[in-house]
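Asks: Numbering (the working numbering), first residue to last: 5 to 400.
Questions regarding the structure given below will be posed in turn.
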């Protein structure tokens, strides 16, 4: 029996032919699970067939058409490009029905798939996880809603595990960019770091992520750093695609509470599911808010506090001159009020001086000379980037 509904799965399109082939392969694999639908594909840009051409072709055989944007989030392409094309198509086919399904978006199964990709590379026990950091990387968008949805996905992933930290990052378009996030991660001192590309397909951006991580590994060899697989085709992904299409057919729209920890069993948060438990959590939440009070700081916060050892060994190697040089550079930069430089007694690292410690980062440097002051200020103090060649081996 001929399907009554046609679904046009829309991809972004890439100059990388392998990425387009991955997309086509995924669409074909999904179509095998839905013989009741006529499933074809098209692209927004950079590849053929384009959306308008594919729609006109479908309209010759089908009058009930659903456009499913196979995008992680609803960004400008979904909000602008599809409606513009549909406006032209509807003029030529006024009796046809066109619906736009939701993108993959924030979904418990997408969080589950993200967790699966991470666990392929990471230890599962709590003790090892607590020494492991995770960076989740997305392409980034000029649409703040899409970037905000990515942050929520990362947070939902973080809530259900015991990692030392989980940081969101981007490879383009917006910030924080991956190189900056890697620098931040280095100061959090994980024993292990996993970078997870939150991408559906491979391509040049995945290669760029791998290259940046390789450079980071060479700079900080004491942190075992890896890149996981990107999302790719998976039964969890097919299930979300299926749900989005079915919701469009039925006219159902998902609510924000569909990813609520009290309603949906998110990975690692199943104990909070249930009406009575939800009520108890709500009461506790209200009570803690009623008890909370703002804490006012009457003084201006320093950005960083730098201690320079001035015991006999460090002093003989120039620590006093180093203090003067750091203060001089900060004064020239007009930043002397943002940083405090203190002379310290012995720090227990005799023979490795001059020793410098930067707080609140808790970063120790050894054998810091007056000539290193410029890099210490310009890189670490002003740009939050570690001067890796000076890092003390107690961090390694």
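Backbone N, C-alpha and C fix where the C-beta goes; we use that ideal spot for every residue, glycine too.
Note that the structure is a prediction, hence the values are computed from the model and not measured.
1) Between the C-alpha atoms of residue 315 and residue 349, what's the straight-line distance to the nearest angstrom?
2) Taking residue 165 and residue 145 to be in contact with their CB atoms under 8 Å, please state how far apart those CB atoms are, rounded to whole angstroms.
3) Across the stretch 212-221 and the stretch 182-195, are there enough close Cβ pairs to call them in contact, namely three or more that are closer than 8 Å?
4) Would you call residue 88 buried or exposed, if buried means 16 or more other Cβ atoms sit within 10 Å of its Cβ?
5) Please report the residue range of the beta strand (DSSP E) in which residue 136 lies.
6) Along the chain, which unbroken stretches of the beta strand (DSSP E) at least 3 residues long are found entirely within the stretch 213-255?
7) Run the CB neighbour count on residue 318, radius 10 Å, all protein chains shown included, and call it buried at 16 or more, exposed below.
8) Taking residue 30 as the reference, give the member of 239, 125, 120 and 40 with the closest Cα.
9) Excluding the 5 residues flanking residue 157 on each side, which residues of the same chain have their C-beta closer than 6 Å to its C-beta?
10) Going by DSSP, what residue range makes up the beta strand (DSSP E) through residue 68?
11) Determine the direct distance from the alpha carbon of residue 117 to that of residue 45, and round the result to whole angstroms.
12) Quick one: grab the DSSP three-state call for residue 45.
13) Alpha carbon to alpha carbon, what distance is there between residue 74 and residue 56?
14) Would the stretch 361-370 count as touching the stretch 388-396 if we require 3 or more Cβ pairs under 8 Å?
15) Return the bridge partner residues of residue 309 from the DSSP annotation.
16) Answer with buried or exposed for residue 99, where buried requires no fewer than 16 other C-beta atoms within 10 angstroms of its C-beta.
17) Determine the contact status of residue 97 and residue 11, defining contact as a CB-CB distance below 8 Å.
18) Are there three or more Cβ pairs, one per stretch, closer than 8 Å when the stretch 372-389 is compared with the stretch 332-349?
19) Check residue 97 in the structure and name its three-state DSSP category.
20) Do residue 9 and residue 253 have their C-beta atoms within less than 8 Å of each other?
21) With DSSP as the reference, label residue 349 as helix, strand or coil.
Replies: Let me lay it out:
1) What you label residue 315 is simply residue 311 of the chain shown in a count that begins at 1. What you label residue 349 is simply residue 345 of the chain shown in a count that begins at 1. Using only the alpha carbons, I get a separation of about 5 Å.
2) Start at 1 with the first residue of the chain shown, and residue 165 comes out as number 161. Start at 1 with the first residue of the chain shown, and residue 145 comes out as number 141. About 26 Å separates the two Cβ atoms, so there is no contact after all.
3) yes
4) By one-based count along the chain shown, residue 88 stands at place 84. Burial call: exposed.
5) Residue mapping note: residue 136 aligns to position 132 of the chain shown, counting from 1. Residues 136-142.
6) 228-231
7) As a working note, residue 318 is residue 314 in the chain shown. Classification of residue 318: buried, given that the 10 Å Cβ count is 16 or more.
8) As a working note, residue 30 is residue 26 in the chain shown. Here the closest residue by C-alpha is 239.
9) Against the chain shown, residue 157 aligns to sequence position 153. Contacts found: 110.
10) For the purposes of this step, residue 68 is identified with residue 64 of the chain shown, where counting begins at 1. Here the beta strand (DSSP E) through residue 68 covers 68-73.
11) By 1-based counting over the chain shown, the position of residue 45 is 41. By 1-based counting over the chain shown, the position of residue 117 is 113. Each residue's Cα considered, the two are about 23 Å apart.
12) Your numbering for residue 45 matches position 41 in the chain shown. Three-state result, residue 45: strand.
13) What you label residue 56 is simply residue 52 of the chain shown in a count that begins at 1. What you label residue 74 is simply residue 70 of the chain shown in a count that begins at 1. Approximately 16 Å between the Cα atoms of the pair.
14) yes
15) Position 305 of the chain shown, counted from the start, is the residue given in the question as residue 309. Residue 309 pairs with 344 and 363.
16) The residue you call residue 99 lines up with position 95 of the chain shown. Flag for residue 99 reads exposed.
17) Counted from its first residue, the chain shown places residue 97 at position 93. Counted from its first residue, the chain shown places residue 11 at position 7. It is not a contact, given that the beta carbons lie outside the stated cut-off.
18) yes
19) Working through the chain shown from its first residue, we reach residue 97 at position 93. In this structure, residue 97 counts as coil in the three-state DSSP scheme.
20) Here residue 9 is taken as the residue at index 5 of the chain shown, counted from 1. Here residue 253 is taken as the residue at index 249 of the chain shown, counted from 1. It is a contact, given that the beta carbons lie within the stated cut-off.
21) The residue you call residue 349 lines up with position 345 of the chain shown. DSSP places residue 349 in coil when its eight states are reduced to three.
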